[in-house]
Amino acid sequence: MTAPGSPEVLQLQQVPEPKLQNDTEILVRLHAAGVNPIDTKLRQRGTFYPDQMPAILGCDGAGVVEAVGSGVQQFRVGDEVYFCAGGLGESNTGNYAELTVVDESSVAPKPTSLSFAEAAAAPLVLITAWEALYDRARLEAGQKVLIHAGAGGVGHVAIQLAKIKGAEVCTTVSSQDKARLVRQLGADHPILYKQTDFVQAALDWTGGEGVDIAFDTIGGKTFWESFPAVRVYGDVVTILEPDSATNWKAARSRNLRISLELMLTPLLQGLVAAQQHQAEILKQCAQWIDEGKLKIHLSETYPLQDAAVAHQAIATGSTTGKIVLIME
């Protein structure tokens, strides 16, 4: 990324190979990199490290370990791995590349049943959905959950994580095709929000009481319009920053607990224990994936040199599942 701006600021360039700088780092030859909305936002408005331009974007990666630092304990050369690390603009990081350096604290063994492309699609959305539902909202078996945009990147794994925990799930989708997809993933009650008031649908589904948890992956007015769909003393989790127009009245009158989920916090603040927690999430999810309990919906792949095209595709906001770049 040469400067903030349109997708065209993503240019294929030869750069020096990244070097191991700490004894707990590993060098990974990347086979694939996930493309996430955070990538497009950083490209548009600038990275977290504007003084370290040009930058390599991409938080999600999957590949093969090529070298390890002297203090690395969990990985060896040749191991297949996946992770969410780097790509926020800091030099010597980023996964839209052939090689990257990551600390072993952020890395997990790749699910053996997934291709590198499928694995690269998984980390950010798995961690986000897990932290939102399990850590923030404290999801329990038997609870009823409303998940927005269930066919999207975060939504499609959130449905499955909720079902693994023993919850019932209703989810908003925009089309019959997406309704079929979310049913295949385990959703109990798809809501076609363009035709149906999702609040009324959620209330009808819960006998008028409201869901125990609403998980907002869209932001804006969807966040605060969800409040009346949640039972008194229930939970709302959002992965977007609430805007200044938010109407908090229904949340206050229903005594809702509001949680904010940003899975990038450990990376931005250098919280090693939290990064290790995220790696443990990826290890557990890899087990569930290999057991057939959890699926990653990969919708499109692009060669690395078409990163700008991938950004254009994700900017439409209507993609199903995940988009991934492939290193050829």
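So for the sequence shown, the working numbering puts the first residue at 864; every next one is plus one. The C-beta atom is built at its ideal place from N, Cα and C for all residues, glycine as well.
Residue 1172 and residue 982 have their C-alpha atoms spaced approximately 21 angstroms apart.
Taking the CA atoms as reference points, residue 962 sits about 14 angstroms from residue 918. Its chain contains 1014 as the residues whose beta carbon lies nearer than 6 angstroms to that of residue 1044, once the 5 sequence neighbours on both sides are disregarded; these appear in chain order. Separation of residue 1093 and residue 971 (C-alpha to C-alpha, rounded to the nearest whole angstrom) is 35 angstroms. Residue environment: residue 1071 is assigned as exposed (fewer than 16 neighbouring CB atoms within 10 Å of its CB, all protein chains considered). Looking at the DSSP output, residue 913 sits in no beta bridge, so it has no partner there.
In the DSSP assignment, residue 1051 falls outside any alpha helix (DSSP H) and carries neither an H nor an E. Assignment of residue 1135 by DSSP, reduced to helix, strand and coil, places it in the helix class. In this structure, DSSP gives residue 988 a helical state, which the three-state scheme calls helix. The three-state secondary structure of residue 1011, taken from DSSP, is coil.
Residue state for residue 1125 is assigned as coil, using DSSP reduced to three classes. Burial check for residue 871: the Cβ neighbour count within 10 Å stays below 16, so the residue is exposed. Excluding five sequence positions before and after residue 1046, the CB atoms of its chain that fall closer than 7 angstroms to its own CB belong to 1053, given in chain order. A direct Cα-Cα distance of roughly 25 angstroms separates residue 1145 from residue 1098. Boundaries of the beta strand (DSSP E) harbouring residue 1166: 1161 to 1166, taken from the DSSP string. Spanning the alpha carbons of residue 868 and residue 906 requires a straight line of approximately 6 angstroms. Around the beta carbon of residue 934, fewer than 16 other beta carbons lie within 10 angstroms, which makes this residue exposed.
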